[in-house]
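Residue numbers (UniProt numbering): 1 to 214.
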């Protein structure tokens with residue numbers, strides 16, 4: 001059965017070149033191309049591809065946040081991150097978001113195809129182009145997640161829960177301030193504290209954490 005793929009890459013030339021490479025393979029079918037993270041999420045929901053090739057640096061919605069959303073809403077789709085970066089922090093962030101692997105863009109095409117096929121089969125993959133510190137950082141990440149398993153939303157105050165519920169309902173900072181009869185600066189301060197307690201990078205991840213707990 002062919003492996004269906006969505007390519008999420010904002011650089012048109014690289015995205016089209018990647019599509020040409022994949023479509024030369026009989027067992028690979030590209031079902032969609034995304035120019036930003038939001039479009040990548042929409043295509044993943046629509047097509048439920050076997051693999052999403054996701055660039056880390058995407059407009060509108062960054063690749064790591066888009067990956068987290070896809071893995072939450074379309075768990076059957078596996079995500080492989082693409083990037084020119086080779087720092088451990090990005091790799092660990094991608095794994096934390098639910099990515100199955102991480103390929104640097106200077107990988108040769110045979111290695112690229114091997115990782116796609118191995119990922120589809122559920123085999124553990126590690127590109128030889130990844131930094132040596134990957135395994136150590138990934139283990140540290142797992143330990144950190146286990147340590148935090150009893151925390152998260154339970155660390156929030158009642159007011160912070162109210163703020164997060166409003167954000168999850170799609171209200172802007174101004175609308176939250178009006179509804180709770182507080183200043184805009186107070187809302188921003190509370191949200192900043194929420195992000196710190198949940199150990200997330202921003203609003204989208206905080207809202208996702210809240211929704212997953214419901």
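The beta carbon of each residue, even a glycine, is placed where N, CA and C say it ideally should be.
- Under the three-state reduction of DSSP output, residue 17 falls in the helix class.
- Taking a 10 Å sphere around the C-beta of residue 95, we find 16 or more other C-beta atoms and assign the residue as buried.
- Remark: C-beta atoms of residue 198 and residue 163 do not approach each other more closely than 8 Å.
- Going by C-alpha positions, residue 18 is about 23 Å away from residue 76.
- In the displayed model, residue 201 falls within coil according to three-state DSSP, outside both helix and strand.
- When secondary structure is reduced to three states using DSSP, residue 33 falls in the strand class.
- Taking C-beta separations shorter than 7 Å and ignoring five residues to either side along the sequence, the partners of residue 184 in its chain run 173, 174, 177, following chain order.
- For the set 1, 74, 25, the Cα lying nearest the Cα of residue 109 is the one of 25.
- Taken atom to atom, the span from the alpha-carbon of residue 31 to that of residue 186 is near 45 Å.
- Secondary structure of residue 27 (DSSP, three-state): coil.
- Residue pairing by DSSP places residue 104 opposite 83 in a beta bridge.
- Taking a C-beta distance under 8 Å as the contact criterion, residue 6 and residue 43 qualify as a contact pair.
- In the DSSP assignment, residue 163 falls within the unbroken alpha helix (DSSP H) covering 158 to 168.
- In the three-state reduction of the DSSP assignment, residue 99 falls in the coil class, being assigned neither a helical nor a strand state.
- Residue 102 and residue 82 have their C-alpha atoms roughly 6 Å apart.
- Listed in chain order, the non-local C-beta contacts of residue 33 below 7 Å within the same chain comprise 7, 15, 19, local neighbours out to five positions each way being set aside.
- Within the same chain, 109 come within 7 Å of residue 21 by CB-CB distance, once the 5 residues on both sides are set aside.
- In this structure, residue 98 lies near residue 67, with their beta-carbon atoms less than 8 Å apart.
- In the DSSP assignment, residue 5 forms a beta bridge with 30, 51.
- Between the beta-carbon of residue 116 and that of residue 51 there is about 6 Å, and that keeps the pair under the 8 Å contact cut.
- Looking from the CA of residue 27, the closest CA among 73, 4, 152, 181 belongs to 4.
- C-alpha of residue 180 to C-alpha of residue 9: approximately 40 Å in a straight line.
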